[in-house]
Ligand code: SF4
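In this note's numbering, the protein residues as written are 2 to 473.
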């Protein structure tokens, strides 16, 4: 399961904004490893550099030194719409005869498929296959005079998740959809302002957190300082998976440190599913903290039974079949010296398709583990995500197809316990109304039924088209 993207923005007359953006993207690298990009403006001219790869592979002294100005935005990408290729790397520049802007996006627009032909009909050109370019062109297409009103126009037409940083020649904008599905925060730095997907980016560049960008808010930052505009919204729907898995444990969202939330998830799992065991471990890295929480609550010793190769990121070198067969071994290495003969509690963040977990269980058994008691920090995922998380279709989700006892049998664990919704909400310590939990409940904050029906229809049509062409 992957998050789509990290975004950043800075307005400062006193900083090397491209360099600060580089280090902020470095701190947000966990949100996307396919491509990275930075755009800057000196008030007159916009410059942009984006390419495939990790932030440290895309940028060097030479590329950074060509990005001048006092405003910058940056982006790390993981693709959920649009394929993984250079033209889809962000930020994306869009322009018409009179205006241009650069846009960086975290989220997913569910009605992009409807807006795209409309914009094409108006003569807008598309250089990428992303929904982000649809947002940019939609803003440009507005007949309103000010950029804020043009962004407002786009917000009224867009359905879905979007946390955006936008750069025009002289102004930085931050925009968050009215549900606040993806996080976005605001900070100060040396007489300037910064915007970031997560607070950990602010910490790394020495910025000070001010507050979150509110759902439905447009923040405008320019030579006159900061101005905020608020669009109305019906409800909040922050993605609860930010707490379980996506965001870094040293980030704070809604006033809750993610480390504390994950610790509490592990503690609540131990209360809901106690078991006699010799050792607890979290699957590294995302479930390490929850594993410690389970250990605290249960009194069972915490240990590290699997080591993760932290440098296995995305690679553009295709593995050959022999390497591919190694599967999880490329990422995880068990410690038989620690595991042999143990009754083990294994804490993990989630089970999506159920393709990796059986391999991990098998690997642990091969290392001599006597019993595997699997504990999951989320309820079963039964519904797909339409808001920027690359999960799976409903038919690929193991919990949509099997009962919990069937899943336990399938993955080969001795016992299996999923954290309840109530246990999860207690751990994040915020009321239910704040969150999107649609992948557990099917209760989407935005009606997606129409889109789902359409996708099913398209899939059916495509299937019959390919069948027809095969027959021919
Ligand atoms: S459906 Fe699930 S993964 Fe998607 S935004 Fe909602 S909570 Fe997050």
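Glycine residues also receive a C-beta, built at the ideal position from the N, C-alpha and C atoms.
Looking at ligand 1, does it come within less than 7 Å of residue i, judged from the CB to the closest heavy atom?
{"i": "residue 439", "result": "yes"}
{"i": "residue 390", "result": "yes"}
{"i": "residue 180", "result": "no"}
{"i": "residue 241", "result": "yes"}
{"i": "residue 386", "result": "yes"}
How would you label residue i, buried or exposed, when you count the other beta carbons within 10 angstroms and need 16 or more for buried?
{"i": "residue 475", "result": "Any question about residue 475 goes unanswered here, given that the chain covers just 2 to 473."}
{"i": "residue 197", "result": "buried"}
{"i": "residue 1", "result": "For the chain, the structure presents residues 2 to 473; residue 1 sits outside this window and is missing."}
{"i": "residue 87", "result": "exposed"}
{"i": "residue 108", "result": "buried"}
{"i": "residue 349", "result": "buried"}
{"i": "residue 292", "result": "buried"}
{"i": "residue 302", "result": "exposed"}
{"i": "residue 330", "result": "exposed"}
{"i": "residue 157", "result": "exposed"}
{"i": "residue 209", "result": "exposed"}
{"i": "residue 390", "result": "buried"}
{"i": "residue 132", "result": "buried"}
{"i": "residue 148", "result": "buried"}
{"i": "residue 122", "result": "exposed"}
{"i": "residue 37", "result": "buried"}
{"i": "residue 337", "result": "exposed"}
{"i": "residue 160", "result": "buried"}
{"i": "residue 284", "result": "buried"}
{"i": "residue 471", "result": "Note that residue 471 scores a pLDDT of 29, beneath 50, so its modelled location is shaky and nothing firm can be said."}
What is the DSSP secondary structure of residue i, reduced to helix, strand or coil?
{"i": "residue 402", "result": "helix"}
{"i": "residue 303", "result": "strand"}
{"i": "residue 158", "result": "helix"}
{"i": "residue 17", "result": "coil"}
{"i": "residue 311", "result": "coil"}
{"i": "residue 245", "result": "helix"}
{"i": "residue 6", "result": "coil"}
{"i": "residue 75", "result": "strand"}
{"i": "residue 108", "result": "strand"}
{"i": "residue 378", "result": "coil"}
{"i": "residue 328", "result": "helix"}
{"i": "residue 171", "result": "coil"}
{"i": "residue 268", "result": "helix"}
{"i": "residue 88", "result": "helix"}
{"i": "residue 277", "result": "coil"}
{"i": "residue 392", "result": "coil"}
{"i": "residue 352", "result": "coil"}
{"i": "residue 93", "result": "strand"}
{"i": "residue 447", "result": "coil"}
{"i": "residue 101", "result": "strand"}
{"i": "residue 115", "result": "helix"}
{"i": "residue 138", "result": "helix"}
{"i": "residue 296", "result": "helix"}
Excluding sequence positions up to five away, which residues of its chain have a Cβ less than 7 Å from the Cβ of residue i?
{"i": "residue 286", "result": "309"}
{"i": "residue 288", "result": "348, 349, 350 and 378"}
{"i": "residue 170", "result": "42, 44, 45 and 47"}
{"i": "residue 211", "result": "187, 188 and 189"}
{"i": "residue 353", "result": "2, 382, 392, 393 and 398"}
{"i": "residue 469", "result": "Legend: pLDDT at residue 469 = 28, less than 50; position of this residue unreliable, no value from coordinates given."}
Can you give me the Cβ contacts of residue i inside the same chain, cut-off strictly under 6 Å, excluding the 5 residues immediately before and after it?
{"i": "residue 446", "result": "180, 238 and 437"}
{"i": "residue 43", "result": "69 and 70"}
{"i": "residue 381", "result": "400 and 419"}
{"i": "residue 364", "result": "335"}
{"i": "residue 213", "result": "186"}
{"i": "residue 451", "result": "Any answer about residue 451 is weak, because its pLDDT of 48 lies below 50 and its placement is not dependable; what the coordinates show is given next. Excluding residues within five positions, none has a Cβ falling inside 6 Å."}
{"i": "residue 444", "result": "none"}
{"i": "residue 173", "result": "10, 12, 72 and 222"}
Counting only the same chain and skipping the five closest in sequence on each side, list residues whose C-beta sits under 8 Å from that of residue i.
{"i": "residue 359", "result": "411, 412 and 413"}
{"i": "residue 280", "result": "301, 302, 303, 304, 306, 339, 340, 343, 344, 345 and 346"}
{"i": "residue 262", "result": "244, 428, 429 and 430"}
Problem set entry | Sequence ranges, beta strand (DSSP E) only - wholly within the region 174–225, length at least 3 | 186–190, 193–197, 209–213 and 218–223
Exercise. Curious, which full-length alpha helix (DSSP H) runs of at least 4 residues does the region 394–445 contain?
Worked result: 399–402, 405–412, 422–429 and 439–442
For this session: Enumerate, from N- to C-terminal direction, the unbroken alpha helix (DSSP H) stretches of 4 or more residues contained entirely within the region 27–75.
Result: 56–59 and 62–66
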